[in-house]
Amino acid sequence: MEAEQLSEYSVLIGGKAGDGIAQAGQLIASIFSELGYYVYQYIDYPSLIKGGHNFCIIRASDKPVFTHRTGVDLILALDQKTVDLHTSNLTTKGTVIYDSPKVKTEGQALPIEEIVAQFKGRAIMGNTAIVAGFCGCAGIPWNLAESVFRKKLTKETDINLLIAREAFSRTTRCMQIHPVEGASPRPLLSGNEWIGLGLLAGGIDAYVAYPMTPSSGVLHFLASVADEAGIDVVHPESEIAVILMALGFAYAGKKAAVGTSGGGFCLMTEGLSLAGMSEVPIVIVLSQRGGPSTGLPTYTAQSDLLFTCHAGQGEFPRFIAAPATPVEAFKWAAESVQLAWRLQIPAFILSDKTLSEGIYTPETTPEVRAYPPLPSPSYPYKRYADTPDGISPILIPPYKGEVIKVNSYTHDYEGITSEDSEMSIAMVHKRLRKAEKLSAMTDKPGAVICGGSVKAKTAILCWGSPRGVCNEVAQELNMRLVSPVVISPFPAGEFRKAMEGVEKVILVEDSSTGQLDKILSLEGYRTDELILRYDGRPFAVEELLEKVRRVAS
Amino acid sequence: MTSEESLVTQAQNTWCPGCGNFAIQHAMKFVIQELEAEGISRDQFVLVSGIGCHAKIADYFQLNSFYSLHGRTIPVATGIKMANPDLKVICFAGDGDLYAEGLDHLIHAAKRNIDITVICHNNRVYGLTTGQYTPTSPYGYKGKSTPQGLHEYPLNVIELLLGSGATFVSRAYTRRLPHLRRIFREAIMHPGFAHVDVLQICASFFNMTTWYDERIYETSESNAGLFEFACRTAQQWNYNDDAKIPIGIFFKTKKPVLPEKKIKKEVNRSNLVKTILDRAT
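These protein sequences, in sequence, are chains V and Z.
Each residue of the first sequence is one higher than the one before, starting from 2 at the first, in the numbering used here.
Each residue of the second sequence is one higher than the one before, starting from -16 at the first, in the numbering used here.
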């Protein structure tokens, strides 16, 4: 890290809500991507529209990164709090670029208000000024900065460019960020956008959602591409309506997905159970945030795992994938659509605020798979025809001469309500056989991710977004990393292989009880140490290193 | 098998003798046969029901159906209609189902003028759960959950629907069969959200036959396009007092309808993903 030329950089930008911190962060991320870096952007903001304190950490590296570090090389301060709260994180050679005279500190002063006024810009354009200041300070060539500003600032571009040029020329170079040799820019999207893109690749025809942080990004993204993609995007009156509307879409032959967070999912559990009984397929994007109840709306958590596994009355198979990286988010969103429709079950993409609102370049190029068509039915059609694997072929209304009935009650093979003892048992067995089939289809390589020192006897165990930080810590400490992506049905075979030779298990989770530990105990595993975090903030590399070192020694 | 018989399944009918549901099923069967004769294939119909005695109609009709949840007919029907605007989607709902648990969906369906038909089997009592009050039960109603008498006034659902922007608002009565058929037919053919509040008796828990027979009359529908006139007609009876009860189409108008029919282009998803990724680079 102290070499002449750094292979990675971290930049922190902070200000009040309403200062355009998230957008400024994305501009910086885009500039790094343009230079050929892999990028990860963490955003921290309270639940308010104006005021408060927002900050982003943009980490750029010549290797894929999925987590942030505490230490930063540059701080861009649009308010005094940024300096007061974060200056202690500055690396020894780091510096601060700050809005003078509003902010009092040492470093490079940039009179933002004056520059914005000079070109009759709006106050929000101060974020353009400070990003341009960063470029000047970091030795980014003006033509590269200009091309990124031109591409990303599509409104009032001319004024923004004048402001940027002025701010750029008023800073002096304090470090030199070099382009990565031979690397070209990569797409930069939020986790929610990677999930949305995966849903499209998997073949959804409709997305139905009620706004709820941190899942709303999927709704916004899919709404913005709805016409281009030829899909319906609907925002109804409640999450109850959301899931039932989606089931209506699915019954009528349109693959539908929904998205929400824990609170909205509480309302959806009724419809979830209906999906289980009626065998109408659905994909649910569930992005976790701090709970219970309204909890910490804009902060992260992994405390809805057991809820997701058990939500809904009665017993029915469900698929749950918890991706940790952009390409995984894309891949498992697409797979969820396919699994839901192949098996006629609810399939979940379990995300959290860290993954959903984090902004990432992909670790590899995402592949769009071609999926085989669904099996065709036989006639006369029976919606719940009994089959060896319990999966009845789907027919879509209208179909001449055939009647297509789905039912929330226990029903017979035609879909007509039946409370007959033998028929009830037959339907239970049909659903159980689907569960076995699902298990066989998903307990495969890729269901559990291994990393770090793969032969090490001490394993760091995690699921979902903490994998990024856990993987770096495992590498640093020569430990093994084991991380299931498929959570339900639990991939027992793949997990057993991943854990061969492990003597000590350290579980890292963003919850206060260690929910994966409960699932593992049912599988006969025991964890030795729990490192739990439940303040809504994800671990930075340095923070987790210290925790793991302490329990490992 | 005649076409009439084949519209009904083999499922055993478990409605109580004298139940108003029989008249609703009978009238609907008649209308579907009539529309079929005029060229609308029976495969185009999708029936969506909630939970309660009314909902068994999904089992009894040999037609496409989605037997849904208590209060949840409308969002299911909305999804079906949005997915395929060519389908004729008809909701059958109970008054407890639709006006209690499902009330928000009803208001929003009217507001968005989704092109579905909602038929409320309004017997003003919970039948299948043995006689508790509903949002349209009269003040003082004594049920198992209100043995001292209900201390709430009923909702005037006609006023509520008019206030929600419904473009077709009507009331019918199960013992006026030709009228019931006509209203069903007009509701199904109405482009936009159509509501029929069907007064029926519950033979086991709230038998109002004589009371209704003495008060119900068919309104003139000559002013059905006038909103203020509709509001006045709606106020003639408030589901509580001892007034004459108008039945018929209270209000009928045209507004932009959901879903808009638009031709969806076939999109190569692999190319689409690539385009979006390029744009994000």
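Note that beta-carbon positions come from the ideal geometry of N, C-alpha and C, so glycine has one too.
All of these numbers come straight from a predicted model, not from anything done at the bench.
Beta carbon proximity, residue i to chain Z, threshold 8 Å
i	result
V/P65	no
V/F540	no
V/S239	yes
V/D1	The question about residue 1 of chain V has no answer, for chain V in this structure spans 2 to 554.
V/M2	Low confidence applies here, because V/M2 scores a pLDDT of 35, under 50, leaving its location unreliable and the question unanswered by this model.
V/L351	no
V/G204	yes
V/R187	yes
V/T129	no
V/E316	no
V/I141	no
V/I417	yes
V/V226	yes
V/A427	no
Pick from the options that is closest to residue i, judged by C-alpha positions
i	options	result
V/L508	V/L545, V/V407 and V/T443	V/L545
V/Y211	V/L201, V/L200, V/N193 and V/I241	V/I241
V/D228	Z/I230, Z/H173 and Z/L255	Z/L255
V/S185	V/L245, V/S31 and V/I283	V/S31
V/G134	V/E415, V/Y361, V/V542 and V/S170	V/S170
V/T71	V/Y380, V/V542, V/S554 and V/R550	V/V542
V/R174	V/I113, V/C138, V/I205 and V/P293	V/C138
V/I520	V/V487, V/L13, V/M126 and V/V429	V/V487
Z/H178	Z/F233, Z/R252, Z/K248 and Z/D69	Z/F233
V/G452	V/M500, V/P492, V/I426 and V/T155	V/M500
Z/R215	Z/P229, Z/T264 and Z/S(-11)	Z/P229
V/N193	V/D353, V/D305 and V/F491	V/D353
Test item: CB-CB of residue i and residue j under 8 Å
i	j	result
V/S216	V/S357	yes
Z/D78	Z/R107	yes
V/P237	V/V209	yes
V/I397	V/V286	no
Z/G114	Z/G126	yes
V/A386	V/S377	no
V/Y252	V/V104	no
Z/D180	Z/V240	no
V/V117	V/V97	no
V/R60	V/H54	no
V/L79	V/D20	yes
V/F540	V/P467	yes
V/F56	V/I22	yes
Z/K94	Z/S147	yes
V/S560	V/N479	Here chain V comprises residues numbered 2 to 554, so residue 560 of chain V is not present and cannot be evaluated.
Residue i at chain V interface by Cβ criterion, 8 Å
i	result
Z/A263	yes
Z/F75	no
Z/N139	no
Z/I259	yes
Z/N67	yes
Z/V(-9)	no
Z/M(-16)	For Z/M(-16), the pLDDT reaches just 43, beneath the cut-off of 50, and the residue's location in the model is therefore unreliable, although a value from the coordinates is still provided. By this cut-off, Z/M(-16) is not an interface position.
Z/L70	yes
Z/N47	yes
Z/L52	yes
Z/V256	yes
Z/V101	no
Z/I171	no
Z/G62	yes
Z/K127	no
Please name the residues in the segment 387 to 411 of chain V whose beta-carbon is closer than 8 Å to at least one beta-carbon of chain Z, in chain order. Those residues of the segment 387 to 411 of chain V that come within reach of chain Z (Cβ to Cβ, closer than 8 Å) are P398, P399, Y400, K401, G402, E403, V404, I405, K406, V407, N408, S409 and Y410.
Going along the chain, which residues of the segment 21 to 52 of chain V sit with their C-beta nearer than 7 Å to a C-beta in chain B? No chain B is part of this structure, whose protein chains are labelled V and Z.
Within 8 Å of chain V by C-beta, residues of the segment -3 to 30 of chain Z in sequence order: Result list: S24, D26, Q27 and V29.
Below 9 Å between beta carbons is the criterion; list the residues of the segment 230 to 262 of chain V that meet it against any residue of chain Z, in chain order. Of all residues in the segment 230 to 262 of chain V, the ones placed with a Cβ closer than 9 Å to any Cβ belonging to chain Z are A230, G231, I232, D233, V235, P237, E238, S239, I241, A242, V243, I244, L245, M246, A247, L248, G249, F250, A251, Y252, A253, G254, K255 and A257, in chain order.
May I ask you to verify whether the segment -10 to -3 of chain Z touches the segment 86 to 100 of chain Z, counting CB pairs closer than 8 Å and requiring at least 3? At 8 Å Cβ cutoff, the stretches do not touch.
Mind the definition here: the segment 300 to 317 of chain V touches the segment 268 to 279 of chain V only if three or more C-beta pairs lie below 8 Å; say whether that holds. Contact between the segment 300 to 317 of chain V and the segment 268 to 279 of chain V is present, because at least three Cβ pairs lie under 8 Å.
May I ask you to list, following chain order, the residues of the segment 148 to 159 of chain Z that have a beta carbon less than 7 Å from some beta carbon of chain V? Within the segment 148 to 159 of chain Z, no residue has its Cβ closer than 7 Å to any Cβ of chain V.
For the 8 Å Cβ check, are there 3 or more pairs between the segment 11 to 26 of chain Z and the segment 51 to 61 of chain Z? The segment 11 to 26 of chain Z vs the segment 51 to 61 of chain Z: no contact.
For the segment 271 to 283 of chain V, enumerate the residues whose C-beta is nearer than 7 Å to any C-beta of chain Z, in chain order. When CB distances to chain Z are screened at a threshold of 7 Å, the residues of the segment 271 to 283 of chain V falling below it are E271 and L275, in chain order.
The segment 472 to 488 of chain V / the segment 435 to 448 of chain V touching (three or more Cβ pairs under 8 Å): Counting Cβ pairs under 8 Å, three or more are found: they touch.
Members of the segment 189 to 200 of chain V near chain Z, C-beta cut-off 7 Å: Within the segment 189 to 200 of chain V, the qualifying residues are L189, L190 and L198.
Across the segment 328 to 339 of chain V and the segment 261 to 271 of chain V, are there enough close Cβ pairs to call them in contact, namely three or more that are closer than 8 Å? No, because fewer than three Cβ pairs between the segment 328 to 339 of chain V and the segment 261 to 271 of chain V fall closer than 8 Å, the two stretches do not touch.
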